[in-house]
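Its first residue numbered 179, the sequence shown is counted upward by one per residue in my numbering. Have a look at the structure below, then the notes.
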Amino acid sequence: IVIGAGAAGLAVAQALAVAGVATQVLERENRLAEPWHRRHENLHLNTHRDLSALPGVAYPAYTPAFPHRTAVIRLFNEFAETHRLPLEFGVAVEDVIFNGDHWTVRTSAGPRRARHVVVATGRDRKPFIPAWKGMKDFAGRIVHSADFGTAKDYEDKKVLVVGAGNSGFDALNHLSGAKTGQMWLAARNGPALLPKRIGQIAVHRLSPLMARLPLRVADAAIAATQRLVFGDLTKFGMPPAPSGGASRLASDYTAIAADDGAVDAIKSGKITVVPAIREFTRDGVILANGRLIDPDIVIAATGYRTGLERMVGDLGVLDGKGVPLFNGGEADPKLPGLWFTGMRPSIRGCFANAAILGKAIARRIAGAGR
Numbered sequence: 179i180v181i182g183a184g185a186a187g188l189a190v191a192q193a194l195a196v197a198g199v200a201t202q203v204l205e206r207e208n209r210l211a212e213p214w215h216r217r218h219e220n221l222h223l224n225t226h227r228d229l230s231a232l233p234g235v236a237y238p239a240y241t242p243a244f245p246h247r248t249a250v251i252r253l254f255n256e257f258a259e260t261h262r263l264p265l266e267f268g269v270a271v272e273d274v275i276f277n278g279d280h281w282t283v284r285t286s287a288g289p290r291r292a293r294h295v296v297v298a299t300g301r302d303r304k305p306f307i308p309a310w311k312g313m314k315d316f317a318g319r320i321v322h323s324a325d326f327g328t329a330k331d332y333e334d335k336k337v338l339v340v341g342a343g344n345s346g347f348d349a350l351n352h353l354s355g356a357k358t359g360q361m362w363l364a365a366r367n368g369p370a371l372l373p374k375r376i377g378q379i380a381v382h383r384l385s386p387l388m389a390r391l392p393l394r395v396a397d398a399a400i401a402a403t404q405r406l407v408f409g410d411l412t413k414f415g416m417p418p419a420p421s422g423g424a425s426r427l428a429s430d431y432t433a434i435a436a437d438d439g440a441v442d443a444i445k446s447g448k449i450t451v452v453p454a455i456r457e458f459t460r461d462g463v464i465l466a467n468g469r470l471i472d473p474d475i476v477i478a479a480t481g482y483r484t485g486l487e488r489m490v491g492d493l494g495v496l497d498g499k500g501v502p503l504f505n506g507g508e509a510d511p512k513l514p515g516l517w518f519t520g521m522r523p524s525i526r527g528c529f530a531n532a533a534i535l536g537k538a539i540a541r542r543i544a545g546a547g548r
């Protein structure tokens with residue numbers, strides 16, 4: 179049983195089918211790519227189309243280098259139809275129980291039994307907003323970056339974006355060309371930041387090479403590119419990054435941010451970089467340095483959680499943030515048959531990584547059946 183029909187779930191289901199393993203995919207939504215349907219209308223991938231497809235299905239020739247969310251939706255559906263994947267929609271998984279020689283998956287449609295269970299519900303399943311002091315008293319709006327909406331929603335509004343990671347820069351990239359009021363970026367840590375393009379070169383196309391480099395070398399290459407393209411962003415109030423971009427991907431699963439206009443807006447003064455939030459008041463936000471600012475809207479680009487505690491929390495397989503302790507072809511020998519995929523970011527991007535991890539899991543499961 180594969181739980182979840184996102185990119186990771188679809189890729190592992192296809193790999194299992196190729197390996198001759200009988201598989202059922204359970205999806206709680208009523209159609210494929212539901213999260214992509216709900217995201218804001220201007221959303222494009224930060225990963226190049228050539229590295230954002232799924233095995234055996236490519237984007238049409240007219241697709242932009244960085245595909246729009248509607249292209250991703252079409253890809254998912256074409257992939258499922260091409261490979262005739264066994265999908266069952268509208269089935270929510272409640273928990274997964276180990277019975278020694280098999281697993282029981284308790285669902286909204288009754289229990290299921292399987293030798294192997296692959297959890298592919300995604301690392302970005304639940305938007306996370308910190309419980310800031312005073313936020314309930316704030317007279318303005320607080321939205322998660324997942325609910326960004328459209329840039330028009332922010333016209334003539336003073337906007338504070340909290341978080342200088344991938345989601346924060348995605349919001350700022352869209353807002354940098356909008357007719358907003360004052361904009362601020364509250365950054366506790368500086369990002370590992372790369373441009374979408376250098377000249378005519380899409381930077382993400384170099385990611386397979388970067389993924390093969392030792393972490394220290396990849397960190398140095400990312401930092402050097404960031405400095406050459408953007409200069410010293412600390413001059414504009416951006417705090418330094420706590421560690422290298424590749425190292426943060428591996429250690430705390432922080433994705434590398436992509437710039438597509440935000441840095442120019444920071445340098446021009448349209449976006450002001452400020453310290454982290456200390457607390458909210460009715461009329462504004464008090465920053466860590468004691469300064470009060472008065473945004474109309476606060477965009478919390480504060481990440482996501484897996485939401486796996488209810489499903490597998492009793493099995494001892496999650497870290498303190500709810501991220502599985504193993505991923506892909508790795509497993510816990512005390513819990514044979516339990517697998518996770520798509521739970522950590524990759525420098526290659528989630529689509530390319532989904533195919534790699536799916537094949538690794540399929541090899542392990544097919545090998546166990548011999």
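Every residue gets a Cβ at the ideal spot worked out from N, C-alpha and C, and that includes glycine. Just so you know, these numbers come straight off a predicted model, no measurement behind them.
- For L353, the enclosing alpha helix (DSSP H) starts and ends at N344 to L353.
- Y240 counts as exposed, since fewer than 16 other C-beta atoms from the protein chains shown sit within 10 angstroms of its C-beta.
- If you look at P386, you'll find it in the alpha helix (DSSP H) that goes S385 to R390.
- If you check the CB distance, A509 and G423 do not come in under 9 Å.
- In the three-state reduction of the DSSP assignment, I379 falls in the strand class.
- Around the beta carbon of K537, 16 or more other beta carbons lie within 10 angstroms, which makes this residue buried.
- A distance below 6 Å between beta-carbons, with the five flanking residues on each side excluded, links R303 to the following residues of its chain, in chain order: T484 and G485.
- The Cβ-Cβ distance between V274 and T519 does not fall below 9 Å.
- In this structure, W362 is the residue among I434, W362 and N367 with its C-alpha nearest to the C-alpha of G462.
- In the DSSP assignment, Y482 is bridged to P305.
- The residue among S385, A544 and N531 with its C-alpha nearest the C-alpha of L232 is N531.
- Annotated three-state conformation of R405 is helix, per DSSP.
- Restricted to the segment 484 to 533, the alpha helix (DSSP H) segments that are unbroken, complete and at least 4 residues in length are 487 to 490, listed in chain order.
- Taken through DSSP and simplified to helix, strand or coil, F267 comes out as strand.
- The three-state reading of DSSP puts L194 in helix, counting H, G and I together.
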